[in-house]
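Beneath this line is the structure, given in structure tokens, with notes to follow.
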Amino acid sequence: MQKITLRQFAGIALVSTLALATASAQTTSQTPPSKSTETVTSRPAPSDPVGQPVNIKLDVTITDQTGPGDPVRKVVTMVVADRGNGSIRSGGLIRSQGPVRINIDASPILLQNGAIRLRLGLEYNPRVAGGDGPAESSLNEQITVILDAGKSMIVSQAADPASDRKIMVEVRATLMK
10 MQKITLRQFA GIALVSTLAL ATASAQTTSQ TPPSKSTETV TSRPAPSDPV GQPVNIKLDV
70 TITDQTGPGD PVRKVVTMVV ADRGNGSIRS GGLIRSQGPV RINIDASPIL LQNGAIRLRL
130 GLEYNPRVAG GDGPAESSLN EQITVILDAG KSMIVSQAAD PASDRKIMVE VRATLMK
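Heads up: the sequence shown begins at 10 in the working numbering, then just goes up one per residue.
Below, the structure is given as structure tokens:
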């Protein structure tokens, strides 16, 4: 019988290991994918649901109260399709006080039960009243609420941290037929 040196044995073991690894890799790559993998990869990604063919009228009322006097009311109205986006930008410049603006973004979704899910963004920079109040006042909100169609809801009440001013936001969503 012929003697095998340690170096020869290591070489034979290395060649054998490489041959087995190559054969195993080829077998694995030729195996067809299972049915569950085919099902997952062959399905198209779900698309966003299409909105219903209905418009939603949104009335946003901003009530700005400073002190005991009558509050100032600003009303912004927009009509937005179900699952659509509405955006209103209203602004001006008062020479002695700087820019004033009301910016509203709205995205309503009509739910199956007839309620309306509303995502509302509001930026309100009003004219600042004279006196000891703040030099600049603003309100920024991002709110998502569920509204009953045709009913008003107070969605926020905010206090000005620098004065006795209170700002209230009320929203009514009405289905347009």
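Where is the CB? At the ideal position from N, CA and C, for every residue including glycine.
Do V195 and N134 have their CB atoms nearer than 8 Å? With the chain represented from 10 up to 186, any question about residue 195 goes unanswered, as that position is not in the structure.
Kindly give me the distance between the Cβ atoms of V85 and I111, rounded to whole angstroms, as I take these residues to be in contact under 8 Å. 6 Å
Since I201 contacts L148 with CB under 8 Å, what's their CB separation in whole angstroms? With the chain covering 10 to 186 only, the question about residue 201 has no answer from this structure.
My parser needs the beta strand (DSSP E) runs of 3 or more residues fully inside the segment 44 to 130; what are they? 64 to 74, 81 to 90, 95 to 103 and 107 to 119
With a threshold of 6 Å on Cβ separation, who are the neighbours of K186 within its own chain once the five nearest residues in sequence on each side are excluded? No residues qualify anywhere along the chain.
Assuming L120 and V180 are in contact, meaning their beta carbons sit under 8 Å apart, how far apart are those beta carbons, in whole angstroms? The Cβ separation is near 16 Å, so there is no contact.
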